[in-house]
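To start, the structure under review is shown below, and the notes come after it.
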Amino acid sequence: MFSVVIPALNEEKTIEQVINFCLADPIVSEVIVVDDKSEDRTAAIAQKAGAKVVISQTRGKGISMKDGIEAATNDLIIFLDADIDPYPGGSIQNLAAPLLADEADFVKGAFARNAGRVTELVAKPLLAILFPGLSHFSQPLSGMVAGKKSFFNKIEFFNDYGVDIGILIDMYLMKARVKEIHIGYIENKSKPWEALGKMSGEVSRAILSKAQRHHSDELTKESVNSLEAIQREMNIVLREKLSSYQKMIIFDMDDTILIDRFIDKCADAFGFKLKLEELRFNEKDPIILTKRIGLLLKNKTMDDLLHIIGSMKMAEHINEVVKQYKQKGYLVGIISHSYTLIANYVKQKIGADFTLAHQLEFFEGKSTGEVNLPSYFFGSPESVCGHSFCKTNALQYACERYNVNMKNCIAVGDSRDDRCILTYAGRGVAFCTTDEMLEKIADNCIKERNFEPLLALA
Amino acid sequence: MANKLYNILVPVDFTYKNKWAITKAVELSNSFNCNIHLVYVAKKRSLFLRDGNLEIALKKLEHIKAAYKTQLCGEGTIEISVLQGSRLTQLLQYIRQYEMDLVVTGLSKFNFLHRIISSASISRLAKKADIPVLAIKSGGLVCHYKKIVLPVYGEVPMRQIRLAALLGRAFKSTVYFVSLRKHADSKHQNILDTALEMVQSISTIPVQSFLLEGQNLAKSTLEFSRKINADLIMINPLKDFRLPGLWSRLTNKLLSYGSRIPVVTIASPER
């Protein structure tokens, strides 16, 4: 007779049907649901449906499986997933048959399914190099397995997505007789793309750690080198090719998103208007100018500055435009020669993704007047424009960081400072500018303080 | 216009002048790590097709590819294609489909037929494809663009300036803006100043400006370029860049057709 172990976490919708399906099979003498501290009624429903419920002490599929094995009273155990409903008829019989006929010690259930990106892109290539004997398995990550308790007791369980592949490799290394059985079609929910990265990492870690531990001598230099070469080249190609799909829109902040310039408002509020004008007139070096303007804000509190930015108006429809661009897959950023404190406030307000700006230093809530200029504003031998201090360098940095091709970027700006960035972005948009040259450089000009026309470019 | 060169198209017709164009494309590919696309367009009803087939053309292209592949030292590769149909249509389609950034074409010394009859004449290609067309009229020995001459007349040549900035950064070039003295009234002087300011706004390459004597901008530019031993001239496919004389006017002889110095023709953007 068989014990069926079902690890479950928040599966109140399907658990009852899965238990009923198991109990209906004459070869099943007990169903053990290992509840992984579900926040819903999974445990109660399972108990009511006739399963033995074990509450797992630690979350994780590996530990739940171990708990299930300990609680099982039969030597033959079948593991099923709790979220599949319905199972194809005869699934249990199919999994059990090779064990009953003494043809296998461990059976892996495979099923026709709608997706399997980690299986195809990660697990199978790694198995082909490190465990060629397992490369014929069509679904090495399947969680529907059956086996002998005595074999399960000898192996170590990973407590993450690597658990199923880990069991398969251990069984293979123990020289257990392993068989793959096809049990029919199952509608399996594809994992969201965010989870695929984590899953890929855990699966590859499981395969590689098993390979290192069990046959480190046999892990030839060739295998290591080929893995590294594949990974490196694939990364380069993926980065290069995927960059053409990524898109980004960059906004200048002062006089573009904001109707005024933040520092001008500060000058009005703190009374350094004349000093500011004098500085602008006399100081032509942008780095020194930025540093010296920062000194005008010495001893001003964070609250003072946030109060000023809070009172400033933004251009019409900016929130709508940002929302729509994000919906169309654009990354939205702000590149400004203002301060991160202010740029981040604006970012929050409009729902942008990132900001690149200068760092005004604060000590005990008050500005020291020191401005740290981030390295990404400075030129390097790779700079497209060659300017030593320029927003284009920051754009290049953002493109590198978010893997966006510069020709897929839209830059929106208003002033002389933005000439360069508007030139090198794939599309430059001059926004309510008074600079004639910027108008000439830009691919598009928006004359009114309203971002709506920008939607046509998305 | 792209800020980097990714793909260069070289239309091939298996004549001696292809060699100049491919050599120039290889130089650019080695500097920008870009790909070279050698494309042969066969007319649908040509004798060539009736006699043999496109396979011969493909084999010839493969030979050319093999010969020039060894000269590539960057990450760029050489792609070859044989197309069938109208030359201009096929080339334009290829340019759009594979996102070409530059066309490099070889010109024979006597190019009357090319500029009159050819459907893919430089001015037509530059206008229709909306990408720069670099015309090479001789092999040349230099492998760089240290001196770039940019004649200015009428509007500020934004696209030329962008390309000059791109090449200038890669080859550490100096850009020479030239204009005719007879145009040096306040408006045109202003354009020269604007062009200078523009280059400084978008790059750090050295720039100089000169007022030239003479009545024809194309001719004066050519003379100036020869005098300073320039490596590249950048022009518009406009009538202002036609060489002087009735014959030149009738046969649309742009500066590109009369210069041994490579000339890149860039159409103004349509606003």
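Going down the list, the protein sequences come from chains P and U. Heads up: the first sequence begins at 1 in my numbering, then just goes up one per residue. Heads up: the second sequence begins at 459 in my numbering, then just goes up one per residue. We put the CB at the ideal spot given by N, CA and C, even for glycine.
Original post:
CA-CA distance, residue 155 of chain P and residue 43 of chain P?
Top reply: Translated into the one-based positions of the first sequence, residue 155 of chain P becomes position 155. Translated into the one-based positions of the first sequence, residue 43 of chain P becomes position 43. Near 27 Å, if we compare the C-alpha coordinates of residue 43 of chain P and residue 155 of chain P.
**OP:** Would you list the residues sitting across from residue 652 of chain U in a DSSP beta bridge?
**Re:** Residue numbering aside, residue 652 of chain U sits at position 194 when the second sequence is read from its first letter. According to DSSP, which records beta bridges pairwise, residue 652 of chain U is partnered with nothing at all.
Original post:
Going by the CB atoms, is the gap between residue 722 of chain U and residue 609 of chain U shorter than 7 Å?
Top reply: Translated into positions along the second sequence, residue 609 of chain U becomes position 151. Translated into positions along the second sequence, residue 722 of chain U becomes position 264. Contact: no.
**OP:** Taking residue 657 of chain U as the query, report the chain P residues whose CB atoms sit under 7 Å from its CB, ordered along the chain.
**Re:** Here the question's residue 657 of chain U lines up with position 199 in the second sequence. Per Cβ cutoff of 7 Å: no residues; residue 657 of chain U is ~11 Å from chain P at best.
Original post:
Roughly how many angstroms separate the alpha carbons of residue 712 of chain U and residue 530 of chain U, rounded to a whole number?
Top reply: The residue you call residue 712 of chain U lines up with position 254 of the second sequence. The residue you call residue 530 of chain U lines up with position 72 of the second sequence. Spanning the two alpha carbons is a distance of roughly 32 Å.
**OP:** Give the DSSP-derived three-state secondary structure of residue 564 of chain U in the structure shown.
**Re:** As a working mapping, residue 564 of chain U is identified with position 106 in the second sequence. The answer is strand: DSSP assigns residue 564 of chain U an E or B state.
**OP:** Could you tell me whether the region 339–351 of chain P touches the region 301–312 of chain P, using the rule of 3 or more Cβ pairs below 8 Å?
**Re:** yes
Original post:
Is there at least one non-hydrogen atom of the ligand FMN closer than 6 Å to the beta-carbon of residue 381 of chain P?
Top reply: With respect to the ligand FMN, the structure offers nothing, as it holds no ligand at all.
Subject >> Residues of the region 625–636 of chain U whose Cβ lies closer than 7 Å to any Cβ of chain C, in chain order >> reply: Among the protein chains in the structure shown, which are P and U, there is no chain C.
Original post:
Can you find a CB in chain P that lies within less than 7 Å of the CB of residue 426 of chain U?
Top reply: For chain U, the structure presents residues 459 to 729; residue 426 of chain U sits outside this window and is missing.
**OP:** For residue 625 of chain U, write down the residues that DSSP places opposite it in a beta bridge.
**Re:** Position 167 of the second sequence holds residue 625 of chain U. Its beta-bridge partners do not exist; DSSP assigns none.
Original post:
For residue 436 of chain P, which residues of its own chain have a beta-carbon under 7 Å away from its beta-carbon, when the five flanking residues on both sides are left out?
Top reply: Along the first sequence, one-based indexing puts residue 436 of chain P at 436. Excluding positions up to five away in sequence, the list is empty.
Original post:
Does residue 391 of chain P have its Cβ less than 7 Å from a Cβ in chain U?
Top reply: Counted from its first residue, the first sequence places residue 391 of chain P at position 391. No, residue 391 of chain P does not count as interfacial toward chain U.
Original post:
Does the separation of the CB atoms of residue 408 of chain P and residue 247 of chain P fall below 7 Å?
Top reply: Here residue 408 of chain P is taken as the residue at index 408 of the first sequence, counted from 1. Here residue 247 of chain P is taken as the residue at index 247 of the first sequence, counted from 1. In this structure, residue 247 of chain P lies closer than 7 Å to residue 408 of chain P by Cβ.
Subject >> chain U contacts from the region 239–273 of chain P (Cβ-Cβ distance under 9 Å) >> reply: none
Original post:
Between P:33, P:438, P:97, P:158, which lies nearest to residue 202 of chain P when the distance is taken from Cα to Cα?
Top reply: Here the question's residue 202 of chain P lines up with position 202 in the first sequence. The residue with the shortest Cα to Cα distance from residue 202 of chain P is P:158.
Original post:
Of all the options P:102, P:165, P:184, which has the alpha carbon lying nearest to the alpha carbon of residue 84 of chain P?
Top reply: Looking up residue 84 of chain P in the first sequence gives position 84. The option with the nearest alpha carbon to residue 84 of chain P is P:184.
Original post:
Would the beta-carbon of residue 592 of chain U fall within 7 Å of that of residue 639 of chain U?
Top reply: Within the second sequence, residue 592 of chain U is the residue found at index 134, counting from 1. Within the second sequence, residue 639 of chain U is the residue found at index 181, counting from 1. No, Cβ-Cβ distance for residue 592 of chain U and residue 639 of chain U is not below 7 Å.
Original post:
If the cut is a Cβ gap below 8 Å, which residues of chain U does residue 441 of chain P touch?
Top reply: Reading the first sequence from its first residue, position 441 is the one you call residue 441 of chain P. Near residue 441 of chain P (Cβ distances below 8 Å), the residues of chain U are 616, 656, 659, 660.
**OP:** Helix, strand or coil for residue 309 of chain P, going by three-state DSSP, please let me know.
**Re:** Start at 1 with the first residue of the first sequence, and residue 309 of chain P comes out as number 309. Correct three-state label for residue 309 of chain P: helix.
Original post:
Is residue 493 of chain U helix, strand or coil when you go by DSSP?
Top reply: Translated into the one-based positions of the second sequence, residue 493 of chain U becomes position 35. The answer is strand: DSSP assigns residue 493 of chain U an E or B state.
Subject >> Cβ shell of residue 16 of chain P (< 7 Å), same chain only, five flanking positions each side left out >> reply: Within the first sequence, the letter at position 16 stands for residue 16 of chain P. Answer for residue 16 of chain P: 45, 49, listed in chain order.
Original post:
Going by alpha carbons, who is nearest to residue 539 of chain U out of U:533, U:546, U:518, U:526?
Top reply: Taking the second sequence and counting its residues from 1, one reaches residue 539 of chain U at position 81. That would be U:518, whose Cα lies nearest to the Cα of residue 539 of chain U.
Subject >> residue 228 of chain P to residue 170 of chain P span [Cα, whole Å] >> reply: Locating residue 228 of chain P in the first sequence gives position 228, where the first residue counts as 1. Locating residue 170 of chain P in the first sequence gives position 170, where the first residue counts as 1. Whole-angstrom Cα-Cα distance: 24 Å.
**OP:** Rounded to whole angstroms, what's the CA-CA distance from residue 545 of chain U to residue 674 of chain U? Just pull it up for me.
**Re:** One-based indexing of the second sequence puts residue 545 of chain U at position 87. One-based indexing of the second sequence puts residue 674 of chain U at position 216. Spanning the two alpha carbons is a distance of roughly 32 Å.
Original post:
Beta-carbon of residue 368 of chain P versus every beta-carbon of chain U: anything under 7 Å?
Top reply: If you number the first sequence from 1, residue 368 of chain P lands on position 368. No, no contact with chain U.
**OP:** At 9 Å on the CB atoms, spell out the chain P contacts of residue 652 of chain U, in chain order.
**Re:** Here residue 652 of chain U is taken as the residue at index 194 of the second sequence, counted from 1. Neighbours of residue 652 of chain U on chain P, chain order: 436, 437, 440.
Subject >> Contacting residues, own chain, Cβ-Cβ under 8 Å from residue 352 of chain P (five flanking each side not counted) >> reply: To locate residue 352 of chain P, count along the first sequence from 1; it is residue 352. Result list for residue 352 of chain P: 251, 322, 332, 333, 334, 346, in chain order.
Original post:
What is the DSSP secondary structure of residue 700 of chain U, counted as helix, strand or coil?
Top reply: If you number the second sequence from 1, residue 700 of chain U lands on position 242. Note: residue 700 of chain U maps to strand in three-state DSSP.
**OP:** Note down the Cα distance separating residue 74 of chain P from residue 95 of chain P, rounded to an integer number of angstroms.
**Re:** For the purposes of this step, residue 74 of chain P is taken as the residue at position 74 of the first sequence. For the purposes of this step, residue 95 of chain P is taken as the residue at position 95 of the first sequence. Residue 74 of chain P and residue 95 of chain P: Cα-Cα distance of roughly 15 Å.
Original post:
What is the rounded straight-line gap between the Cα of residue 561 of chain U and the Cα of residue 319 of chain P?
Top reply: As a first step, residue 561 of chain U must be located in the second sequence, where it is residue number 103. As a first step, residue 319 of chain P must be located in the first sequence, where it is residue number 319. Approximately 42 Å, taken between the alpha carbons.
**OP:** Output the distance between the C-alpha atoms of residue 629 of chain U and residue 500 of chain U, rounded to the nearest integer angstrom.
**Re:** If you number the second sequence from 1, residue 629 of chain U lands on position 171. If you number the second sequence from 1, residue 500 of chain U lands on position 42. So the two alpha carbons sit approximately 36 Å from each other.
Subject >> Partner residues on chain P for residue 620 of chain U, Cβ-Cβ distance less than 7 Å >> reply: Translated into the one-based positions of the second sequence, residue 620 of chain U becomes position 162. Per Cβ cutoff of 7 Å: 423.
Original post:
Going by C-alpha distance, which of P:432, P:403, P:389 is nearest residue 421 of chain P?
Top reply: On the first sequence, position 421 is the one that residue 421 of chain P refers to. Among P:432, P:403, P:389, the Cα nearest to that of residue 421 of chain P belongs to P:389.
Original post:
Which residue's Cα is closest to the Cα of residue 22 of chain P: P:358, P:348, P:52?
Top reply: Numbered from 1 along the first sequence, position 22 holds the residue referred to as residue 22 of chain P. Checking every option, the nearest Cα to that of residue 22 of chain P belongs to P:52.
**OP:** Go ahead and label residue 705 of chain U buried or exposed: buried means 16 or more other beta carbons lie within 10 angstroms of its beta carbon, across all protein chains shown.
**Re:** Taking the second sequence and counting its residues from 1, one reaches residue 705 of chain U at position 247. Exposed, because fewer than 16 other Cβ atoms sit within 10 Å of the Cβ of residue 705 of chain U.
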